[in-house]
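> If you count the sequence shown from 1, you need to add 21 to reach our numbering.
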Amino acid sequence: MVYSPHTPDERRRMLEAIGVERIEDLFADVPEDYRFPDLDLPVPLSEMEVMAELQELADQNLNAFRTPTFLGAGAYRHWIPAVVEYVLQRGEFVTAYTPYQPEISQGTLQAIFEYQSLICDLTGMEVANASHYDGATATAEAVIQAYNVFRKRRRKVLIAPTVHPQYREV
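(1) With DSSP as the reference, label glutamine 81 as helix, strand or coil.
(2) Just the C-alpha distance for threonine 183 and alanine 149, rounded to the nearest angstrom, thanks.
(3) What is the rounded straight-line gap between the Cα of alanine 79 and the Cα of methionine 35?
(4) In this structure, how does DSSP classify arginine 174 when only helix, strand and coil are distinguished?
(5) Report back the beta-carbon spacing between valine 178 and alanine 161 to the nearest angstrom; my notes put them in contact at under 8 Å.
(6) DSSP state of arginine 43, grouped into three classes?
(7) Which same chain residues end up closer than 6 Å to alanine 159 when comparing Cβ atoms and leaving out the 5 residues on each side of it in sequence?
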């Protein structure tokens with residue numbers, strides 16, 4: 022079954038509206054030699070064969086897993102566990118609604134609360150915040166939290182030199 026969003030009658034009326042009889046008439050200004058050129062494509066491959074071929078090509082590249090990188094500024098080896106993609110595909114996280122509507126974002130808010138609570142349990146910290154979208158905002162929030170916890174008792178904040186330079190500027 023071929024998917025066509027228009028019925029034959031709808032197509033006929035559209036062609037009438039623009040003053041042509043057939044869809045092919047729309048291509049009358051394109052020289053015939055260019056309408057259906059011989060593309061000289063290789064033989065078709067299965068998905069598995071295409072993936073193997075692409076992997077062979079990708080293996081020719083140098084990447085951060087195979088060679089050291091000295092770029093810094095956030096370019097480093099990191100690993101995202103497979104479970105992360107699985108969890109993020111759950112219905113609680115995938116929605117067509119604006120995430121700021123409370124009834125829609127309840128699943129996400131619950132997950133963030135559970136994560137923050139677990140981090141506090143694991144680290145012994147009184148507070149943890151997992152709801153920031155970027156590192157710079159998270160860094161600024163951490164400094165604000167530290168300042169508020171130690172108000173008037175400490176006046177300096179130590180930030181590791183390994184923190185992204187742009188985050189440090191914030």
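Cβ coordinates follow ideal geometry from the N, Cα and C atoms, glycine included.
Taking the geometry as given:
(1) Working through the sequence shown from its first residue, we reach residue 81 at position 60. The three-state secondary structure of glutamine 81, taken from DSSP, is coil.
(2) As a position in the sequence shown, residue 183 is number 162, starting the count at 1. As a position in the sequence shown, residue 149 is number 128, starting the count at 1. Taking the straight line joining both Cα atoms gives about 21 Å.
(3) The residue labelled residue 79 in the question sits at position 58 within the sequence shown. The residue labelled residue 35 in the question sits at position 14 within the sequence shown. Counting only the Cα atoms, methionine 35 lies some 46 Å from alanine 79.
(4) Numbered from its first residue, the sequence shown carries residue 174 at position 153. Here arginine 174 sits in coil by DSSP.
(5) The sequence position of residue 178 within the sequence shown is 157, counting from 1. The sequence position of residue 161 within the sequence shown is 140, counting from 1. Actually they are not in contact, since the Cβ atoms of valine 178 and alanine 161 sit about 11 Å apart, beyond 8 Å.
(6) Residue 43 sits at position 22 when you count from the first residue of the sequence shown. Arginine 43 falls in the coil class under three-state DSSP.
(7) Here residue 159 corresponds to residue number 138 of the sequence shown, with the count starting at 1. Cβ neighbours of alanine 159 beyond the five flanking positions: His153.
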